[in-house]
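*Asks:*
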Amino acid sequence: MENISLSILLFVILLLVIYLSLQRIRCSIAQRKSKERPSSLNTKALSCSYGKMTYIDEGKGEVILSIHGIFGGFDQAYETCKVFGEKYRILAPSRFGYLYSDIKGKGTPKEQAEAYLELINRKGIDKVFLLATSAGGTVAFRFALDYPERTKGLILFSSSLPYSEKPEKYPEYAGPPQFLCHDYAMFLISPLFQSIMGMDRSTIYGMLPIRERKKGVAIDAAITNIDMARNYDEYRIEDLKVPILILHSKDDKLASFESVKSVLHRFPRYKLVSFDKGGHLMVGHEKEVKEAVISFIEREK
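Each residue of the sequence shown is one higher than the one before, starting from 6 at the first, in the working numbering.
1. Alpha helix (DSSP H) containing K115: first to last residue?
2. If you draw a straight line from the alpha carbon of S33 to that of G221, how long is it in whole angstroms?
3. Following the continuous alpha helix (DSSP H) through F62, name the residue where it begins and the one where it ends.
4. How close, in whole Å, do the beta carbons of S169 and A260 come, if the pair is a contact with beta carbons under 8 angstroms?
5. Please list, in chain order, all residues of the same chain as H187 whose beta carbon is under 7 angstroms from its beta carbon, the five residues on each side excluded.
6. How far does the beta strand (DSSP E) with I299 in it reach, from first residue to last?
7. Do K109 and Y55 have their C-beta atoms closer together than 9 angstroms?
8. Determine the DSSP secondary structure at Y175, reduced to helix, strand or coil.
9. Pairs of beta-carbons, one from the region 245-252 and one from the region 267-281, closer than 8 angstroms: are there three or more?
10. Taking Cβ positions, are D131 and R100 nearer each other than 9 angstroms?
11. DSSP three-state label for L308, please.
12. What do you reckon, are the CB atoms on L136 and M58 nearer than 9 angstroms?
13. Of the choices R218, Y105, Y240, S279, whose alpha-carbon is the least far from that of K49?
14. Whole angstroms is fine: what's the gap from N236's alpha carbon to R147's?
15. So, using beta-carbon positions, are I209 and S195 closer together than 9 angstroms?
16. So Y83 packs on I61, CB below 8 angstroms; how close in whole Å?
17. May I ask which residues mark the beginning and end of the beta strand (DSSP E) holding Y275?
18. Less than 9 angstroms between the beta carbons of R127 and L51, yes or no?
19. Which of helix, strand or coil does DSSP assign to L346?
20. Please report how far the alpha carbon of L2 lies from the alpha carbon of H73, in whole angstroms.
21. From R31 to M191, what does the alpha carbon distance come to, in whole angstroms?
22. Less than 9 angstroms between the beta carbons of E366 and F280, yes or no?
23. Considering just the uninterrupted stretch of the alpha helix (DSSP H) at K220, what are its terminal residues?
24. Rounded to whole angstroms, what's the CA-CA distance from D257 to L166? Just pull it up for me.
25. Quick one: is S10 buried, meaning 16 or more other Cβ sit within 10 Å of its Cβ, or exposed?
26. Can you say whether E119 is buried or exposed, counting buried as having 16 or more other CB atoms within 10 angstroms of its CB?
27. A149 by DSSP, collapsed to three states: which one?
28. For V278 and H270, what's the separation of their Cα atoms in angstroms?
29. Go ahead and label P172 buried or exposed: buried means 16 or more other beta carbons lie within 10 angstroms of its beta carbon, across all protein chains shown.
30. When you compare only the Cα positions, how much space is there between K111 and I224?
31. Looking at the secondary structure, which residues open and close the beta strand (DSSP E) in which R94 lies?
32. For K266, report the span of its alpha helix (DSSP H) as first-last.
33. According to DSSP, is I23 part of a helix, a strand, or is it coil?
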């Protein structure tokens, strides 16, 4: 009986070793491809007062400043908005600590908004539509509150939103543990993305290389993601004069739709477009999203 149990254990270990080896090979292939993808995009680098900002600037017309979420960069910021590239100008920078962008100060949302202001000033742009995805929502709200005269409208894609009321407590860290912020570790848990986050495992390919995004992830987890709770009184959403378009799926596992509904009373001017299914990425609603955004911009430009 002991020999049978030992054989089973050794067999399980062998299977595990084979699985981990295959995943390592697949991860290595994905790493090589991930290094090629950003370099294939038409990026520019701006020497700002605090350091370098890397971005994509394509198209003509009304300017959409794309503010990406956690594990993002100029590639994700552009990917979110490229469907609008035929009609509008897309400005897609990497936020602090992401894909070849430096960090100003501690990297607070206020400092990130200041960096965006410097970018549009240097580009000679008067006003922009801010399109924020997920964690990028905090920075978009900060920009709109600090520079309303430079903001034509807010477009929120599955975005983080302010609290409905001042929270009594909040986490000091809102993000993945640091030991997961590596290509191989994240690749190994990618099969769990659907059950944990409601996103397909293929999402991992847009997150690589994590090494070039790791500093930005740390800033988001420790600062950006909790700023609207920590500094609740500084996010006077009731004072916003700019129009707001909110796009959100009811089954979003990362940004609760219930939280969206609970805070709507604080928005003086908004339109909500919701979907029963689609998850955090609003999968299957690309056409509706595109039509809603274009309609919003054409009405408010």
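Quick reminder that beta carbons are idealized off the backbone N, C-alpha and C, glycines included.
*Replies:* Let me lay it out:
1. The residue given as residue 115 occupies position 110 in the sequence shown. 114-127 is the span of the alpha helix (DSSP H), which, as asked, contains K115.
2. Locating residue 33 in the sequence shown gives position 28, where the first residue counts as 1. Locating residue 221 in the sequence shown gives position 216, where the first residue counts as 1. Cα-Cα distance, rounded: 23 angstroms.
3. The residue given as residue 62 occupies position 57 in the sequence shown. The residue asked about is misnamed: residue 62 is Asp in this sequence, not Phe. Element bounds for D62: not the alpha helix (DSSP H) but the beta strand (DSSP E), 57-63.
4. If you number the sequence shown from 1, residue 169 lands on position 164. If you number the sequence shown from 1, residue 260 lands on position 255. Incorrect: roughly 14 angstroms between the Cβ atoms, too far for contact.
5. Counting from 1 along the sequence shown, the entry for residue 187 is found at position 182. Within the same chain, H187 has close Cβ partners I215.
6. Position 294 of the sequence shown holds residue 299. Unbroken run through I299 is the alpha helix (DSSP H), 291-305; no beta strand (DSSP E).
7. Here residue 109 refers to the residue found at position 104 of the sequence shown. Here residue 55 refers to the residue found at position 50 of the sequence shown. It is a contact, given that the beta carbons lie within the stated cut-off.
8. Locating residue 175 in the sequence shown gives position 170, counting from the first residue. Coil.
9. yes
10. By one-based count along the sequence shown, residue 131 stands at place 126. By one-based count along the sequence shown, residue 100 stands at place 95. Not a contact, by the Cβ cut-off of 9 angstroms.
11. With the chain running from 6 to 306 in the structure shown, residue 308 is simply not present.
12. As a position in the sequence shown, residue 136 is number 131, starting the count at 1. As a position in the sequence shown, residue 58 is number 53, starting the count at 1. Not a contact, by the Cβ cut-off of 9 angstroms.
13. Walking along the sequence shown from the start, residue 49 turns up at place 44. The residue with the shortest Cα to Cα distance from K49 is Y105.
14. Mapped onto the sequence shown, residue 236 falls at position 231. Mapped onto the sequence shown, residue 147 falls at position 142. Answer to the nearest angstrom: the Cα atoms are 11 angstroms apart.
15. In the sequence shown, residue 209 corresponds to position 204, counting from 1. In the sequence shown, residue 195 corresponds to position 190, counting from 1. The answer is yes: Cβ separation under 9 angstroms.
16. The residue given as residue 83 occupies position 78 in the sequence shown. The residue given as residue 61 occupies position 56 in the sequence shown. Right, the Cβ-Cβ distance comes to about 5 angstroms (below 8 angstroms), so this counts as a contact.
17. Here residue 275 refers to the residue found at position 270 of the sequence shown. Segment 275-280, the beta strand (DSSP E) holding Y275.
18. Locating residue 127 in the sequence shown gives position 122, where the first residue counts as 1. Locating residue 51 in the sequence shown gives position 46, where the first residue counts as 1. Yes, the Cβ-Cβ distance between R127 and L51 is below 9 angstroms.
19. This structure does not reach residue 346, given that the chain is present from 6 up to 306, and the question cannot be answered.
20. Only positions 6 to 306 of the chain appear in the structure, and residue 2 is not among them; the question remains open.
21. Residue mapping note: residue 31 aligns to position 26 of the sequence shown, counting from 1. Residue mapping note: residue 191 aligns to position 186 of the sequence shown, counting from 1. Cα-Cα distance, rounded: 12 angstroms.
22. Nothing can be reported for residue 366: it is not among the residues displayed for the chain, which extend from 6 to 306.
23. By 1-based counting over the sequence shown, the position of residue 220 is 215. Its alpha helix (DSSP H) spans residues 219-227.
24. What you label residue 257 is simply residue 252 of the sequence shown in a count that begins at 1. What you label residue 166 is simply residue 161 of the sequence shown in a count that begins at 1. When rounded, the distance between both Cα atoms is 13 angstroms.
25. Taking the sequence shown and counting its residues from 1, the one referred to as residue 10 is at position 5. It counts as exposed.
26. Counting from one through the sequence shown, the residue named residue 119 turns up at place 114. Its Cβ being crowded by 16 or more others within 10 Å, E119 is buried.
27. Here residue 149 refers to the residue found at position 144 of the sequence shown. Residue state, collapsed to three classes: helix.
28. Position 273 of the sequence shown, counting from 1, holds the residue named residue 278. Position 265 of the sequence shown, counting from 1, holds the residue named residue 270. Approximately 16 angstroms, taken between the alpha carbons.
29. In the sequence shown, the residue the question calls residue 172 occupies position 167. Counting Cβ neighbours within 10 Å, P172 comes out exposed, since fewer than 16 surround it.
30. Locating residue 111 in the sequence shown gives position 106, where the first residue counts as 1. Locating residue 224 in the sequence shown gives position 219, where the first residue counts as 1. If I take the Cα positions, the gap works out to 8 angstroms.
31. By 1-based counting over the sequence shown, the position of residue 94 is 89. Here the beta strand (DSSP E) through R94 covers 94-98.
32. Along the sequence shown, read from residue 1 onward, the residue named residue 266 stands at position 261. Unbroken alpha helix (DSSP H) run through K266: 262-268.
33. On the sequence shown, residue 23 is found 18 positions in, with the first residue counted as 1. Here I23 sits in helix by DSSP.
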